[in-house]
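A.B. asks: Take a look at this one; I'll ask things after.
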Amino acid sequence: MMCDPRCVVVQFDVSTEAGVTGFDGFISSKSYVEGYSFSDADKAVFAKFTATPDATKTPHAYRWFIHIAALTGQTVADPTPVPAVETPPAPEPEAAAPAPAAEPETPAEPEEERRLVAIMVKPVDGVDAKGLYKKIKETVVSQPEYKLKWDDECKVEDGKIYVSFTIALEADFDEEVMEIIEYMEDEVADQQVTYQAAME
1 MMCDPRCVVV
11 QFDVSTEAGV
21 TGFDGFISSK
31 SYVEGYSFSD
41 ADKAVFAKFT
51 ATPDATKTPH
61 AYRWFIHIAA
71 LTGQTVADPT
81 PVPAVETPPA
91 PEPEAAAPAP
101 AAEPETPAEP
111 EEERRLVAIM
121 VKPVDGVDAK
131 GLYKKIKETV
141 VSQPEYKLKW
151 DDECKVEDGK
161 IYVSFTIALE
171 ADFDEEVMEI
181 IEYMEDEVAD
191 QQVTYQAAME
């Protein structure tokens, strides 16, 4: 499949702090290095890292790094481990409770605010509708914070695909979803948003 013209080959020396900083700016609005799905380009850049990016200094590089590590089945060490603290024999609650380790779980609350977007996709004559929907789900993915989730199955009526997806309320990724589907011009004749609303 030909890559979207906006795709670029990334060449950053991510083995250096300056390179990681540059890559952080590049990947800030992307889920993947090239295009809209995981590719060998992601593997190549990932392999150049010598350590996990700092989540505070380079949050976008860190988010991408953790995502690619999960896709490739690799275990990532915490770049800022909490050092062990020796304590006297008498029990001291402050030294025994590793409170900082619990903080990363708190950002889970915002995912309650989501938006429902319903769309119609008309396949090109001769293209299997259900097979096309499966391909759309595999191709159109988002950054973790957007929390894009497709329906498990689609409804096919008069040869057209009717389906919906949910996304973070404040995310504007729905426009990009439609653009990606539009690029599939060899298989998609038409597509449009039919309904969208905030979920309560």
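Position 181 (the sequence shown) corresponds to 181 in the working numbering; numbering is contiguous.
Built from N, CA and C at the ideal position, the CB exists for glycine as well.
(1) Under three-state DSSP, which class holds Val-188?
(2) Determine the extent of the beta strand (DSSP E) in which Lys-57 is found, giving its start and end residues.
(3) Are the segment 181 to 191 and the segment 127 to 138 in contact at 8 Å, needing three or more beta carbon pairs?
(4) Using the three-state DSSP reduction, which class does Val-45 fall into: helix, strand or coil?
(5) In the structure shown, what three-state DSSP assignment does Ala-61 receive?
(6) With distances taken between CB atoms, is the gap from Phe-49 to Val-117 smaller than 8 Å?
(7) On the DSSP letters alone, give me the boundaries of the beta strand (DSSP E) that Glu-157 sits inside.
(8) If you follow the beta strand (DSSP E) that Cys-20 is part of, which residue opens it and which one closes it?
(9) I'd like to know whether the C-beta atoms of Gln-192 and Arg-115 end up nearer to each other than 8 Å.
(10) Might you give, ordered along the chain, the residues of its own chain that have their beta carbon closer than 8 Å to the beta carbon of Thr-194, omitting 5 neighbours on each side?
(11) Please return the same chain residues whose Cβ sits closer than 7 Å to the Cβ of Ser-28, not counting the five positions on each side in sequence.
(12) Can you list, in chain order, the residues of its chain with a C-beta nearer than 8 Å to that of Gly-131? Leave out the 5 residues immediately preceding and following it.
(13) On the three-state DSSP scale, how would you describe Ala-118?
(14) Cβ of Tyr-36 within 8 Å of Cβ of Val-140?
(15) If distances are taken between C-alpha atoms only, which option among Glu-153, Lys-155, Gly-19, Gly-159 comes closest to Val-124?
(16) Could you please give me the residues that DSSP links to Tyr-162 through a beta bridge?
(17) Which residues in the same chain as Asp-151 place their Cβ atom closer than 6 Å to its Cβ, once the five residues preceding and following it in sequence are excluded?
C.D. replies: Once the coordinates are examined:
(1) strand
(2) Counting along the chain, Lys-57 falls outside any beta strand (DSSP E), and DSSP gives it neither H nor E.
(3) yes
(4) helix
(5) helix
(6) no
(7) 155 to 157
(8) According to the sequence displayed, residue 20 carries Val and not Cys. Unbroken run through Val-20 is the alpha helix (DSSP H), 17 to 27; no beta strand (DSSP E).
(9) no
(10) Ala-118, Ile-119, Met-120, Tyr-162
(11) His-60
(12) none
(13) strand
(14) yes
(15) Gly-159
(16) Met-120, Lys-155
(17) Val-163, Ser-164
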